[in-house]
Amino acid sequence: MSDTRSLRVALLGAGTVGGHVARLLLEHHDELAARAGVSIDLVGIAVRDVNAKRAVDLPAELFTTDAETLIQGADIVVELIGGIEPAKSYILAAIGSGADVVTGNKALLAEHGAEIFAAAARVGAEVYYEAAVAAAIPIIRPLRDSLAGDHVERILAIVNGSTNYILDRMDRFGDSMEDAQRVALELGYLEADPTLDVEGYDAAQKAAILAGLAFHTSVPAAGVHREGISSITLEDVESAREAGYVIKLLAIAERVVDDAGLEGVSARVHPALVRRDHPLASVHGGNNAVFVEAEAAGPLMFYGAGAGGVQTASAVLGDVVSIARRHLAGGVGVGESVAADLPVHPIGAAETRYRISLEVDDRPGVLAELAGILASRGVSVETLQQSASTPADGEADRATATLVIGTHTARDAALAAAVDALSASDAVESVRSVLRIEGA
Ligand code: NDP
Ligand code: HSE
């Protein structure tokens with residue numbers, strides 16, 4: 003371990019985020035030292051290719067491909083490589099050598115967070131990860147620390163900027179899903195593998211982290227129900243707007259009591275209808291927001307940039323300074339609490355309201371039949387709108403209507419069973435869409 007008035011920082015990765023972290027550590031060295039009460043010295047940067055062209059100009063002598071050796075001499079290891087390996091082995095090596103760790107790696111924490119936090123706890127090391135969820139927005143520390151004395155009931159969050167950008171373009175500019183995705187790709191919003199964003203994998207990793215923190219429980223990524231936005235059409239978006247809603251890809255974590263009376267956690271990611279007067283409805287473009295409902299604090303909204311190299315670097319540097327201060331003060335920092343150890347319930351246990359859009363035969367008795375199908379599965383109709391459909395070519399003799407059913411709160415399992423039964427009914431031509439209504 004180095005002199006207590008100087009901390010050695012090893013940076014792993016100098017890409018979009020790491021490059022700015024290195025630059026800011028160097029440029030703001032004296033200011034950070036004054037704030038932390040200790041000199042925070044960047045001693046090396048491990049990358050794949052030391053000769054790669056970089057967006058940020060950094061001293062060549064800091065670069066190495068030998069991450070293992072760099073880690074061994076460090077007090078703080080900042081992991082900004084991403085992915086599972088070698089990031090996981092490097093973090094465990096850092097913890098094993100007595101260093102504290104800062105990471106922005108949501109994929110790794112959602113998969114292997116429990117193992118990493120346990121390894122850190124065994125040796126009294128810190129693992130901070132403010133950048134892992136919603137990048138620049140301070141949300142990890144508020145959940146882990148500021149709200150540690152409250153009882154979080156629910157989190158509704160927009161944690162994937164690129165899908166928010168896509169849905170926002172569809173809503174505000176009338177783009178089709180294909181056009182909006184193309185623009186998002188051209189602007190560099192989407193990950194190299196766009197399915198990580200579009201199919202909700204990225205948001206599900208962040209939901210697992212938020213749910214675990216909020217409910218003091220270990221929530222694996224596999225416990226998060228995931229649906230992406232690829233099935234959302236411009237017609238869905240326009241129909242939602244007419245009804246006073248906007249469609250958002252939400253990461254939701256909430257306390258749920260299942261049919262057996264067992265309290266647990268529901269963590270899920272799916273497109274949802276959000277009322278236009280809800281704070282989340284005004285989150286435009288690639289921004290993120292986390293809406294927390296806590297028993298004593300009430301509703302809280304955290305909003306800002308959910309991606310970007312320099313924005314994310316802000317969260318990383320905040321963690322580095324926190325760890326530096328903790329080094330100076332000694333003792334154990336603010337750690338994870340999994341004391342509640344709640345079960346993670348499947349999506350079927352979640353309860354919300356739904357909007358079901360159907361193409362149905364326009365003949366006497368159809369409404370009663372469909373209401374009966376819903377009622378027999380315990381789903382109660384709240385609103386019903388019918389409009390005449392334009393017959394398809396060659397089907398002018400077949401009268402159909404578009405029916406939009408709004409339900410009262412129902413269990414997701416009951417709703418799914420009802421939708422299966424509606425699909426199987428002779429009166430139903432097609433189930434056009436089923437969307438959950440959240441935040442009402
Ligand atoms: P990049 O892909 O831009 O950078 C990755 C860096 O890691 C590169 O410098 C690369 O080296 C280095 N690297 C890759 N493999 C190895 C290896 N085996 N050994 C040593 N170095 C390696 O990633 P980002 O900066 O975008 O992301 C970093 C982390 O931050 C990820 O976990 C990401 O999820 C997270 N994050 C990113 C956000 C963003 O907006 N970009 C927002 C929030 C979190 P080389 O340069 O030589 O190729
Ligand atoms: N692909 C992510 C997003 C980047 O669109 O939000 C930040 O994690």
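Numbering (the working numbering), first residue to last: 3 to 442.
C-beta atoms are modelled at their ideal positions from N, C-alpha and C, and glycine is treated no differently.
{"Query": "For the segment 45–87, list the alpha helix (DSSP H) runs that are entirely contained and at least 4 residues long, ordered along the chain.", "Result": "69–74"}
{"Query": "Would you call R365 buried or exposed, if buried means 16 or more other Cβ atoms sit within 10 Å of its Cβ?", "Result": "exposed"}
{"Query": "Can you round the beta-carbon distance between E384 and A274 to whole angstroms, since I take them to be within the 8 angstroms contact cut?", "Result": "Not a contact, Cβ separation roughly 17 angstroms."}
{"Query": "Locate the beta strand (DSSP E) running through V294, then write down its first and last residues.", "Result": "289–296"}
{"Query": "Please indicate yes or no: does the CB of N107 lie closer than 8 angstroms to some heavy atom of ligand 2?", "Result": "no"}
{"Query": "For A253, which residues in the same chain have their Cβ closer than 7 angstroms to its Cβ, ignoring the five residues on either side in sequence?", "Result": "A159, V161, A205, K208, A209, L212, V271"}
{"Query": "Please classify R270: does DSSP put it in a helix, a strand, or coil?", "Result": "strand"}
{"Query": "Helix, strand or coil: how does DSSP classify V340 here?", "Result": "coil"}
{"Query": "Within the same chain, show all residues whose beta-carbon is closer than 8 angstroms to that of G85, passing over the 5 residues directly before and after it, in chain order.", "Result": "N107, A109, L110"}
{"Query": "Below 6 angstroms CB to CB, which residues in the same chain sit around P301 once its five sequence neighbours on both sides are set aside?", "Result": "E295"}
{"Query": "Whose C-alpha, out of E237, A415, S389, L189, is nearest the C-alpha of G176?", "Result": "E237"}
{"Query": "Taking the alpha carbon of V421 as the point to measure from, which residue in S378, Q387, G100 has its own alpha carbon closest?", "Result": "S378"}
{"Query": "May I ask you to report which of helix, strand or coil DSSP gives G310?", "Result": "coil"}
{"Query": "Mapping the DSSP letters down to three states, classify E384 as helix, strand or coil.", "Result": "strand"}
{"Query": "What's the call for G214, buried or exposed, on a 16-neighbour Cβ count within 10 Å?", "Result": "buried"}
{"Query": "If you follow the beta strand (DSSP E) that T404 is in, where does it begin and where does it stop?", "Result": "402–409"}
{"Query": "Considering just the uninterrupted stretch of the beta strand (DSSP E) at S435, what are its terminal residues?", "Result": "430–440"}
{"Query": "Sorted by chain position, which residues of the same chain lie with C-beta nearer than 8 angstroms to G202's C-beta, five sequence neighbours on each side aside?", "Result": "N162, T165, R228, E229, G230, I231, L251, V271, H272"}
{"Query": "Classify R365 as helix, strand or coil using the three-state DSSP reduction.", "Result": "coil"}
{"Query": "Output yes or no for whether 9 angstroms exceeds the beta carbon distance between A127 and A101.", "Result": "yes"}
{"Query": "Suppose you measure from the CA of A136 to the CA of D32; what does that come to, to the nearest Å?", "Result": "28 angstroms"}
{"Query": "In chain order, which beta strand (DSSP E) runs of at least 3 residues are fully inside the segment 10–48?", "Result": "41–48"}
{"Query": "Return the residue from the list G380, L82, E361, A429 that minimises the CA-CA distance to T411.", "Result": "G380"}
{"Query": "With a 10 Å radius around its C-beta and 16 neighbouring C-beta atoms as the bar for buried, classify E180 as buried or exposed.", "Result": "exposed"}
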